[in-house]
Amino acid sequence: MRELILLRHAHAEAASTGQADLDRPLSPVGLAEAEAAGRWLKENNLLPDCVLCSPSRRTRETLEAVLGITGFVEKRLEDAVYEATPGTLMGLIDARRDVDRLLVVGHNPGLEQLVALMSEGTSSDYRGMPPGGIAVLAFDREAAIEPGVASLTAFWWP
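Quick note on my numbering: the sequence shown kicks off at 29 and runs consecutively.
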């Protein structure tokens, strides 16, 4: 079996005048949420083998707070995760078939739609994924990354 851990970035500060969306930092609440996510992953022995992370500041800061608790692993900033559709995310996941437990740190609505698509077979019935939320999906090692292929084995939020 393979596992996919999807982590939505924690709460971020609102953009200041002239600030690009990519540059928004975590808020103090967001930092606490990210640390709580790291503790939950560690307590549940869900330590990733590899991480793909959006290049936005808030996702990078979320990941750094998580890895500060879980320990460091191979990580790669992946531009395509920012504003990704479920299809784009599925392609990125499929390209990492060599990874047993992959963590993707990204954004909504892509992440919440991906959870619904992979577990329910449709992205029109997603239920939401709060900031700092984690969804864990399990699927057969040889399975193609497609709608309905995975089971949602855990869902957590701060």
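Don't be surprised by glycine CBs; every beta carbon is placed ideally from N, CA and C.
All values reported here derive from a predicted model rather than from experimental measurement.
Original post:
How is the beta strand (DSSP E) around I33 delimited, first residue to last?
Top reply: 30 to 36
Original post:
Going by the beta-carbon positions, is the gap between A38 and G66 smaller than 8 Å?
Top reply: no
Original post:
Which residues mark the beginning and the end of the beta strand (DSSP E) in which L75 is found?
Top reply: Looking at the DSSP string, L75 is not in any beta strand (DSSP E), and its letter there is neither H nor E.
Original post:
Using a Cβ-Cβ cut-off of 7 Å (strictly less than) and excluding sequence neighbours within five positions of M157, which residues of its own chain qualify?
Top reply: R36, N136, L139, E140, V143, A163
**OP:** Please report the Cβ distance between L32 and L130, rounded to the nearest whole angstrom; I am assuming they are in contact, meaning their Cβ atoms lie under 8 Å.
**Re:** 5 Å
Original post:
Do C81 and E106 have their C-beta atoms within less than 8 Å of each other?
Top reply: yes
Original post:
Shortest alpha-carbon distance to S84 belongs to which of L50, T90, W185, E170?
Top reply: L50
**OP:** Look up S179 in the DSSP assignment and give the residues it is bridged to.
**Re:** A166
Subject >> Whole-Å CB distance - V101 paired with V79, under 8 Å assumed >> reply: 6 Å
Subject >> R129, DSSP secondary structure in three states >> reply: strand
Original post:
Going straight from the alpha carbon of I173 to that of M146, what length do you get?
Top reply: 8 Å
Original post:
When DSSP labels each residue in this structure, what does R104 get in the three-state scheme?
Top reply: strand
Subject >> Nearest residue (CA-CA) to D77, options L54, F183, G134, R124 >> reply: R124
Subject >> Alpha carbon of G96 to alpha carbon of V57, nearest angstrom >> reply: 17 Å
Subject >> Residue interval of the alpha helix (DSSP H) (run including V109) >> reply: Run containing V109: none; DSSP gives neither H nor E here.
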